[in-house]
Amino acid sequence: MRSLSLRQRGSALPGGLLGMLLLLGVIESYVARHDLDYTRSDFWDWKLTGRNAQAKTQDCNVLCFGTSRIQQSIVPKVIEHQSGLKTWNLGVCWGQAPAAYFLLKRALDSGARPTSILVEYHPTTLQADPWTAKGFWPELLNLKESFDLAWSARDATFFGATVLAHNVPSVKDRSQIQTMVLAALAGENVTHWTSTLTAMRNRNVNRGAYIMPGVGGFKGQVGGQYQDAFFGKSWACTPVNQSYIRRFLELASSRNIQVYWVLPPFTPELQAKREQANNVALYTAFVRQWMAEFPSLTVLDAEYSQFAPNVFFDAAHLDRQGALALSAAVGDLLRTLPEQPPKDRWVTLPAYQEWNPTFRVEDIPMSQAYLLQIGKIRR
1217 MRSLSLRQRG SALPGGLLGM LLLLGVIESY VARHDLDYTR SDFWDWKLTG
1267 RNAQAKTQDC NVLCFGTSRI QQSIVPKVIE HQSGLKTWNL GVCWGQAPAA
1317 YFLLKRALDS GARPTSILVE YHPTTLQADP WTAKGFWPEL LNLKESFDLA
1367 WSARDATFFG ATVLAHNVPS VKDRSQIQTM VLAALAGENV THWTSTLTAM
1417 RNRNVNRGAY IMPGVGGFKG QVGGQYQDAF FGKSWACTPV NQSYIRRFLE
1467 LASSRNIQVY WVLPPFTPEL QAKREQANNV ALYTAFVRQW MAEFPSLTVL
1517 DAEYSQFAPN VFFDAAHLDR QGALALSAAV GDLLRTLPEQ PPKDRWVTLP
1567 AYQEWNPTFR VEDIPMSQAY LLQIGKIRR
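Printed below as a string of structure tokens:
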């Protein structure tokens, strides 16, 4: 025989393996093209915010960082109306301290030159390790950032899991895909399309803010789900989160950026329970340690500004009306504080005062109604 078969020539790529790789490529390509169906809206939140940090911040005077508490309570259009300072909100759901640092660095590396920063650190996220946000990190972190966080956490497994999920869509969205497959077998259609598009619309039109409806139906009761998170144990910040707070403040200080650490309000009942557990005192002492180290750090404290339960969406998040009022108060301070800096640098915000805009502020139901009207989503 003049020619040898593929097997006889010792091919390094058998036909079966090649077929399997092609099939995997087709599957991953399909999942990637349908990520609006498979990816949860709160995961998309991190992806969109990472993009906005690079693309939307270059001409902003004020940037906001933190968790859903700042994301849902600081409305950039209101800040600009009250202060004249263009603002973008880069808060993310369950945003841990490393996320705020990476987003700030991305913004600065992309040409942003803010004069002021608003940052909020949720007490519960500061108690948590990176694995509690394992579904979020692949949407945000690139290879270098993944290594940075894994190295700081001394966790090679975290690095491998994050990089794999970032690059393999079916791994990243595995749990959602499983849910959708089971639903399909039961004759149901489950998709994240509507919630994700609605959230994206709302955040884009509000310059990063995510504005809840003004339902007025929350009565202030603190459910059992808050027990362990807020007052079930003594409060303390993890070393990893503490290291990224330091890096965040050092980076801002190196660019001569004024940093305002924002303390949004909790409902009165939740705040009282935090006090009873001594967690308010512990968190306050923690913040004052950073103030002593960083002279450019000022606290804006709204925890005792008499926000009633009816301006909350739940025990820890403001609704539309609460967010408008807090944003107006913060905007006023951003206009006056540079000229009249407080001696103590711990500024207690004035008591709640209803604030109604003269311009359109779009909340979630309004965003969904708009998308229904133009045919992007269906009932």
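The sequence shown begins at 1217 in the numbering used here and counts up by one. The C-beta atom is built at its ideal place from N, Cα and C for all residues, glycine as well.
Would you kindly report the start and end of the unbroken alpha helix (DSSP H) that includes I1286? S1284 to Q1287
For W1367, count neighbouring Cβ atoms within 10 angstroms of its own Cβ and tell me buried if that reaches 16, exposed if not. exposed
Can you list the alpha helix (DSSP H) stretches of 4 or more residues lying completely in the region 1246-1322, in chain order? 1251-1254, 1257-1271, 1284-1287 and 1292-1299
If I'm right that G1436 touches T1483 with Cβ under 8 Å, what's the distance once you round it to whole angstroms? 5 Å
Measuring alpha carbon to alpha carbon, tell me which residue in C1280, I1295 and Q1288 is nearest A1313. C1280
Use the C-beta contact count for W1477: other C-beta atoms within 10 angstroms, 16 or more gives buried, fewer gives exposed. buried
Taking contact to mean at least 3 C-beta pairs separated by less than 8 Å, is the region 1532-1547 in contact with the region 1572-1581? yes
Buried/exposed call for V1406, threshold 16 Cβ in 10 Å: exposed
I'd like to check one pair, L1301 with N1277: are the Cβ atoms closer than 8 Å? yes
Less than 8 Å between the beta carbons of S1355 and F1318, yes or no? Going by the sequence as given, residue 1355 is Glu instead of Ser. Cβ atoms of E1355 and F1318: not closer than 8 Å.
Whole angstroms are fine: how far does the CA of N1383 sit from the CA of P1558? 48 Å
Just to confirm before moving on: does the CB-CB distance between S1521 and Q1474 stay below 8 Å? no
Please state whether the Cβ-Cβ distance between A1315 and F1464 is less than 8 Å. no
For Y1476, which of helix, strand or coil comes out of DSSP? strand
Kindly list the residues whose CB is nearer than 6 Å to the CB of G1430, restricted to its own chain and excluding five residues on each side of it in sequence; keep chain order. D1535, R1536 and Q1537
So what does DSSP say about V1496, is it helix, strand or coil? helix
Evaluate the contact criterion for the region 1318-1329 versus the region 1514-1529: three or more CB pairs, one atom per stretch, below 8 Å. no
What separation, rounded to the nearest whole angstrom, lies between the Cα atoms of Q1224 and L1234? Confidence in Q1224 is poor, its pLDDT being 49 and thus under 50, which makes the residue's placement unreliable; the coordinate value appears in the next sentence. So the two alpha carbons sit approximately 17 Å from each other.
Quick check on the DSSP output: the beta strand (DSSP E) that includes I1333 runs from which residue to which? S1332 to V1335
Which of helix, strand or coil does DSSP assign to D1530? strand
Within the continuous alpha helix (DSSP H) that includes V1515, where are the two ends? Not the alpha helix (DSSP H): V1515 falls in the beta strand (DSSP E), residues L1513 to D1517.
What's the gap between the Cα of L1222 and the Cα of G1231? Confidence is the limiting factor: at L1222 the pLDDT is only 44, short of 50, which leaves the residue's position unreliable, though a coordinate-based value still follows. Answer to the nearest angstrom: the Cα atoms are 9 Å apart.
So, at 6 Å on beta carbons, what are the nonlocal neighbours of S1299 in its own chain, with the 5 sequence-adjacent residues on each side left out? G1547, L1550 and R1551
Within the chosen definition, does the region 1250-1260 reach the region 1408-1421 through at least 3 CB pairs nearer than 8 Å? yes
In chain order, what residues of the same chain have a beta carbon less than 6 Å from the beta carbon of Q1584, not counting five sequence neighbours either side? T1414
For G1440, the nearest candidate out of D1560, M1507, L1486 and E1509 (CA to CA): L1486
For E1336, tell me which candidate among G1403, P1481, N1494 and N1572 has the shortest Cα-Cα distance. P1481
Would you give the residue range spanned by the beta strand (DSSP E) that T1564 belongs to? W1562 to T1564
Look up N1420 in the DSSP assignment and say whether it is helix, strand or coil. helix
Check for me: the alpha helix (DSSP H) holding W1367 runs from which residue to which? L1359 to A1369
Skipping 5 residues on each side, what residues in its chain have a beta carbon closer than 8 Å to that of I1593? W1409, T1410, L1413, T1414, Q1584 and L1587
Return yes when the Cβ of R1561 is within less than 8 Å of the Cβ of T1514, no when it is not. yes
Collapsed DSSP secondary structure at V1431 in the structure displayed: coil
Contacting residues, own chain, Cβ-Cβ under 7 Å from F1375 (five flanking each side not counted): S1362, F1363 and A1366
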